[in-house]
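Mind the numbering: the sequence shown is residues 6 to 273 in the working numbering, read in order. Where is the CB? At the ideal position from N, CA and C, for every residue including glycine.
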Amino acid sequence: MAIINTVHLSHKQGSKYLLQDINWSVQDGEHWVIFGTNGCGKTTLLSTICGYRAFSAGSIELLGQPLNLDNAVTLRKELGFVSASYFDRCFKNESSFDIVLSAKFGGFGRRGNISDKDVRRVRQLLESFGIASKGDYPYTMLSQGQKQRVLLARALMAPPKLLILDEPLNGLDIYARDFFLNTLTEIADATDVTIIYVTHHTEEILPFFKKAMLLKNGKVFAQGDLETVFAEDTLSAYFDHQTNARWEGDHFYINIGEDLRMDKSIWA
Ligand SMILES: Nc1ncnc2c1ncn2[C@@H]1O[C@H](COP(=O)(O)OP(=O)(O)OP(=O)(O)O)[C@@H](O)[C@H]1O
Ligand SMILES: [Mg+2]
6 MAIINTVHLS HKQGSKYLLQ DINWSVQDGE HWVIFGTNGC GKTTLLSTIC
56 GYRAFSAGSI ELLGQPLNLD NAVTLRKELG FVSASYFDRC FKNESSFDIV
106 LSAKFGGFGR RGNISDKDVR RVRQLLESFG IASKGDYPYT MLSQGQKQRV
156 LLARALMAPP KLLILDEPLN GLDIYARDFF LNTLTEIADA TDVTIIYVTH
206 HTEEILPFFK KAMLLKNGKV FAQGDLETVF AEDTLSAYFD HQTNARWEGD
256 HFYINIGEDL RMDKSIWA
């Protein structure tokens, strides 16, 4: 079954397409990496698929159902979405506790009954991410890494069928990075979750990721098996520069094979 299926998905803002003709199908249990330059549309695509942003053409099926204004909140209760770049615009004075709890209601606030079990789960998640003492803190008074830990905790509030992780290691210290990546590996091994992972750092691509998409200017540049999408010739065409790619054990590294730097006349 497709967990995500987009057909001719587009979003036009003024005269510019932020997303253009995205045809993408993610099968149940597949793990995907989404990769692309700043501003290519990764956060826009994922927040649109989660029903947080409007789109102007095409269709989205999420968890087997056509996504619309009526069911977005219900569907979101079954997925975890981490995106500092999206949620930093939404959360301001909400406490860490309420932000984690809000996942239960598929939105930004409390909308229904809260059980003792819910409270226990939020406290357990905050504790687990090392921010138990910050439960009452408003989002804006947290450090960058603490904000990120709150968003990760929020994504795990419900045992998710689908985890959509937009730069999930953003701002985390090395302890928190290892803690989260090891936990994610365990979740991938032990459950039937589907994981979508956006990163600029290819060394974060864990061995269980088998599929990848390259986005460019709001369009799919390449998608399919990870090793094909991350082939040197595809990446070199994507970046318009000779790009080197290499595996070291389970880790994958790429770099642009040219000496990129600012014109000296600007700073000299
Ligand atoms: N609300 C908006 N109105 C108009 N343009 C927007 C809006 N939100 C984002 N954009 C534009 O859409 C483009 C894609 O933004 P998006 O945040 O999806 O990029 P991204 O691929 O996630 O980049 P990054 O790697 O920097 O996180 C950018 O050019 C951005 O300026
Ligand atoms: Mg982004």
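By DSSP, does residue i sit in helix, in strand, or in coil?
i: M218; result: strand
i: N4; result: Absent from the structure is residue 4, since the part of the chain shown begins at 6 and ends at 273.
i: Y142; result: coil
i: K269; result: helix
i: K152; result: helix
i: S64; result: strand
i: S20; result: coil
i: L51; result: helix
Nearest CA to the CA of residue i: which residue from the options?
i: G56; options: T48, G44, L74 and F214; result: L74
i: W155; options: T188, S88, G111 and F213; result: The sequence shown places Val at residue 155, rather than the Trp named in the question. Among T188, S88, G111 and F213, the Cα nearest to that of V155 belongs to S88.
i: D264; options: I136, N249, D178 and S148; result: N249
Measure the CB-CB distance between residue i and residue j and report whether it falls below 8 angstroms.
i: L130; j: M162; result: yes
i: K224; j: D103; result: no
i: R94; j: L106; result: no
i: I39; j: L220; result: yes
i: Y258; j: E209; result: no
i: I2; j: L68; result: Residue 2 falls outside the range modelled here, since the chain spans only 6 to 273, and no answer is possible.
i: K166; j: H36; result: no
i: V198; j: E172; result: no
i: N28; j: T11; result: yes
i: N175; j: P143; result: no
i: F60; j: H16; result: yes
Going by DSSP, what residue range makes up the alpha helix (DSSP H) through residue i?
i: V78; result: A77 to R81
i: S90; result: A89 to F92
i: V203; result: Note, V203: premise wrong, no alpha helix (DSSP H); beta strand (DSSP E) at T199 to V203.
i: Q129; result: D121 to S133
Among all the DSSP beta bridges, which residues are the ones paired with residue i?
i: A7; result: Q32
i: E253; result: H256
Between which two residues does the beta strand (DSSP E) holding residue i run?
i: F226; result: K224 to D230
i: L167; result: L167 to D171
Taking 7 angstroms as the line, does the beta carbon of residue i fall inside it for any heavy atom of ligand 3?
i: T11; result: The ligand content of the structure shown is limited to ligand 1 and ligand 2, which means ligand 3 is not among them.
Can you check whether the C-beta of residue i is within less than 8 angstroms of a C-beta belonging to chain D?
i: G69; result: Of the protein chains in this structure there is only one, and it is not chain D.
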